[in-house]
Structure formats: structure tokens, C-alpha cells
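A.B. asks:
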Amino acid sequence: MNDGQSNDRPIIAFDSGIGGLTVLREARVLIPDRRFVYIADDAGFPYGDWEEEALKQRIVGLIDGFIGKYDPELVIIPCNTASTLVLEDLRRVFPSVPFVGTVPAIKPAAERTSSGLISVLATPGTVKRAYTRDLIQSFATKCHVRLVGSQSLARMAEMHMRGELIDDEAIRAEIAPCFYEKDGARTDIVVLACTHYPLLVNVFRRLAPWPVDWLDPAEAIARRALSLLTPNGTGVEPEHGDDIAVFTSGNPDFPTRRLLQGFGLATGVIA
């Protein structure tokens with residue numbers, strides 16, 4: 061829309077929990093003239109526990125309902141597990157809606173690495189997807205890429221952001237396989253292939269056996285979303301007071317509501 065009128069159709073950001081807030085934060089910086097609806101499928105969290113076909117049906121059904129309710133201009137899926145599983149299905153089922161997915165940042169990691177040793181820290185679902193291995197085959201054949209699947213880090217990230225105590229040793233054990241040496245070289249980049257993981261990046265830095273570049277895809281996802289939008293033409297940057305958060309459980313707990321308030325999102329909105 062470029063007629064000087066404000067576009068009230070929102071951008072939806074859909075994630076399994078609160079991990080996608082890392083992407084939402086970047087998107088709101090780059091796209092200040094749009095309204096956002098953040099959707100957390102907390103009733104289905106964590107996605108790593110689901111069978112693929114059941115999860116696929118769940119996500120397509122939920123997105124169908126939210127598209128009908130909000131008529132979004134664009135949908136961001138800031139979730140590697142969901143994107144690598146169901147993004148093509150969503151584009152096929154909803155051809156009139158642009159989708160921006162999230163896939164492991166293997167290409168930029170391969171371009172940046174000095175040692176040639178890269179680790180991809182992801183959920184087990186993302187690790188086992190053919191999509192992830194295809195990315196390695198396409199962009200990182202000259203690198204040694206280690207895939208590290210964590211069953212627990214997404215839960216730990218949610219606990220951490222709610223102010224709950226998490227055990228350093230438990231986190232150290234999850235990230236330890238990312239660090240390896242080969243022919244005198246060391247891992248120098250760890251791809252954060254789950255949008256929950258940047259919520260723990262300061263903890264990762266503190267517990268890492270040596271410094272590495274923790275590659276967060278949030279800014280790249282936001283830039284991709286921006287590239288698909290038509291400018292509003294108003295030149296006015298509205299306040300974000302009308303950005304909302306929706307939880308599929310309908311009942312986010314108090315620490316979560318307080319966290320969302322810190323992100324400037326209206327809370328307690330029931331799906």
C-alpha cells in the first residue's frame with residue numbers, strides 16, 4: 061500500500077513459545093510502521109516432542125485460524141523446527157500470504173568461518189531434517205559441520221526468561237559437543253538454529269570453553285520480511301502499543317506476561 065494511508069493489516073510472528081521474541085525484536089526495529097501479532101503455541105510446546113505429521117497438521121490448522129482472524133500482510137515463522145517441517149505446506153495452502161521462514165544459518169556461517177569448523181546447535185527435529193543436510197551440501201561442503209541436537213535447551217531458555225534458576229552444568233553439557241578440535245583448528249562459529257537459543261547466549265558465552273561467534277539469524281529474518289513489504293508511504297512511525305501477544309493455551313503465567321510487557325506487547329490475549 062502506497063497511497064499515504066496507514067496499513068492496518070498486521071504481521072504475524074508464530075513460534076512454539078517465547079523464542080520468536082528474538083526475531084520480533086529485530087523486526088520491530090526494521091519495520092516500525094507495522095502492527096505485530098505475536099503468537100506462541102505454548103499449548104503445543106515443545107515441538108521437539110511431536111510426531112512430524114501430527115505437528116504439521118497442528119501448525120497448518122492454527123495458521124489457518126489466525127489468517128482468518130487477523131488477515132495478515134505477512135507471516136513470519138521464527139521457528140526452525142516448524143519452518144523446516146511445514147513452510148512449503150503453508151506456502152502451498154495459503155498462496156496469497158507471504159511467509160518468511162527460519163532455517164539454520166549455515167550459508168553465512170560457511171562464509172564467515174576462519175577455521176572451517178562449524179557447529180549447528182538445534183533441536184533434534186531440525187538436526188534430523190533433510191532440509192538441514194541439504195543446506196550443508198549446498199553451502200558448506202568445504203567446512204566440517206557438526207550437528208548438535210538438544211532436547212532440553214528450549215525449555216531451559218523459557219525458564220531463564222521467566223526468571224527461574226537454571227543449572228550451569230546442565231547447560232554446559234548441552235553445548236559441550238559444539239566445541240571440537242581438528243588438525244590444530246577449533247570450532248569458531250556456532251549456529252543458533254533455534255530461536256529460543258539467543259535468549260541464553262550470554263550464558264553460553266560465559267560457559268564456553270573458548271570464544272566463538274554465536275550466529276543469531278534474527279536480523280536476517282527481519283530484513284527478509286522487510287524486503288517483502290510494500291512501503292506504507294506515511295513516513296510516520298507509530299507507537300507499538302497495539303502490538304499483541306496471543307497464547308494458544310489462553311493462559312500465560314505471570315512471569316511470561318511480565319516478560320511480554322517488557323517487550324511492549326499487550327498480554328493476556330486469548331487465542
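In this note's numbering, the protein residues as written are 61 to 331. A virtual CB, placed ideally from N, CA and C, is assigned to each residue, including glycine. Predicted model only: the values in this text are computed from it and were never measured.
Answer with buried or exposed for Thr201, where buried requires no fewer than 16 other C-beta atoms within 10 angstroms of its C-beta.
C.D. replies: By the neighbour-count rule (16 or more Cβ atoms within 10 Å), Thr201 is not buried but exposed.
A.B. asks: Return the chain-ordered list of same chain residues with a C-beta closer than 8 Å to the C-beta of Asp124, the five sequence neighbours on each side being excluded.
C.D. replies: Around Asp124: Val153 and Phe154.
A.B. asks: Note down the Cα distance separating Met61 from Leu288, rounded to an integer number of angstroms.
C.D. replies: Note that Met61 has pLDDT 37, beneath the 50 cutoff, so the model's placement of it is unreliable and the number below is only indicative. Each residue's Cα considered, the two are about 12 Å apart.
A.B. asks: If you draw a straight line from the alpha carbon of His300 to that of Leu325, how long is it in whole angstroms?
C.D. replies: In this prediction, His300 has a pLDDT of 43, which is less than 50 and means its spatial position is unreliable; what the coordinates show is noted afterwards. C-alpha separation (whole angstroms): 8 Å.
A.B. asks: Please determine, among Arg95, Leu90 and Cys139, the residue with the shortest C-alpha to C-alpha distance to Gly108.
C.D. replies: If we check each option's Cα against that of Gly108, Cys139 comes out closest.
A.B. asks: Could you have a look at Gly301 and say whether DSSP puts it in helix, strand or coil?
C.D. replies: Interpretation of Gly301 is limited by its pLDDT of 48, a score under 50 that renders its predicted location unreliable; the figure taken from the coordinates is listed afterwards. In this structure, Gly301 counts as coil in the three-state DSSP scheme.
A.B. asks: Taking the beta carbon of Val135 as the centre, do at least 16 other beta carbons fall within 10 Å, making it buried, or is it exposed?
C.D. replies: Flag for Val135 reads buried.
A.B. asks: What does a CB cutoff of less than 6 Å around Ala114 pick up in its chain, not counting 5 residues either side in sequence?
C.D. replies: Contacts found: none.
A.B. asks: On the CB-based measure, 16 or more other CB atoms within 10 Å of its CB, does Cys230 come out buried or exposed?
C.D. replies: In the sequence on display, residue 230 carries Ala and not Cys. Label assigned to Ala230: exposed.
A.B. asks: Less than 9 Å between the C-beta atoms of Ala100 and Leu181, yes or no?
C.D. replies: Contact flag unset, no.
A.B. asks: Less than 8 Å between C-beta atoms, sequence neighbours within five positions excluded: which residues of the same chain meet that for Ser143?
C.D. replies: Around Ser143: Ile137, Gly161, Thr162 and Val163.
A.B. asks: Just the Cα atoms here: how many angstroms apart are Ala320 and Met216?
C.D. replies: Reading off the sequence, residue 320 comes out as Leu, not Ala. Taking the straight line from one Cα to the other gives about 18 Å.
A.B. asks: Within the same chain, show all residues whose beta-carbon is closer than 6 Å to that of Ser210, passing over the 5 residues directly before and after it, in chain order.
C.D. replies: Excluding sequence neighbours, Ser210 sits near Glu234.
A.B. asks: For Ala280, which residues in the same chain have their Cβ closer than 8 Å to its Cβ, ignoring the five residues on either side in sequence?
C.D. replies: Counting only Cβ-Cβ distances below 8 Å, and skipping sequence neighbours, we find Ala165 and Pro168.
A.B. asks: Determine the burial state of Gly77: buried for a count of at least 16 other Cβ atoms within 10 Å of its Cβ, exposed for fewer.
C.D. replies: Buried is the call here.
A.B. asks: What does the Cβ neighbour count give for Trp270, buried or exposed, with the cut at 16 atoms within 10 Å?
C.D. replies: The residue in question, Trp270, is exposed, as its Cβ has fewer than 16 Cβ neighbours within 10 Å.
A.B. asks: Residue range of the beta strand (DSSP E) that Ala165 falls in?
C.D. replies: No beta strand (DSSP E) contains Ala165, which DSSP labels as neither H nor E.
A.B. asks: Excluding the 5 residues flanking Pro158 on each side, which residues of the same chain have their C-beta closer than 6 Å to its C-beta?
C.D. replies: These residues qualify, in order along the chain: Leu134 and Leu288.
A.B. asks: With distance defined between alpha-carbon atoms, name the residue in Leu122, Asp313, Thr327 and Ile304 nearest to Arg88.
C.D. replies: Closest by alpha carbon: Ile304.
A.B. asks: To the nearest angstrom, report how far apart Pro47 and Thr173 are at their CA atoms.
C.D. replies: The structure shown has nothing for residue 47, since the chain only spans 61 to 331.
A.B. asks: I need the boundaries of the beta strand (DSSP E) containing Ile99, first residue and last residue.
C.D. replies: Where Ile99 is concerned, the enclosing beta strand (DSSP E) stretches over Phe96 to Ala100.
A.B. asks: Apart from the five residues on each side of it in sequence, which residues of its chain come closer than 8 Å, Cβ to Cβ, to Leu195?
C.D. replies: Only Val163, Pro164, Ile166 and Lys167 meet the Cβ criterion.
A.B. asks: Kindly indicate which residue of Cys238, Leu260 and Arg232 has the alpha-carbon position closest to the one of Glu224.
C.D. replies: Measuring from the Cα of Glu224, the nearest candidate turns out to be Leu260.
A.B. asks: Just list the beta strand (DSSP E) runs in the region 217–300, keeping only unbroken ones of 3 residues or longer that don't cross its boundaries, in chain order.
C.D. replies: With a minimum length of 3 residues, the continuous beta strand (DSSP E) runs that stay inside the region 217–300 are 249–253 and 273–275.
A.B. asks: What three-state label does DSSP hand Leu181 in the structure shown?
C.D. replies: DSSP places Leu181 in strand when its eight states are reduced to three.
A.B. asks: Hey, is Gly310 close to the ligand MN, as in C-beta under 8 Å from one of its heavy atoms?
C.D. replies: Looking for the ligand MN in the displayed structure turns up nothing, as the structure carries no ligands at all.
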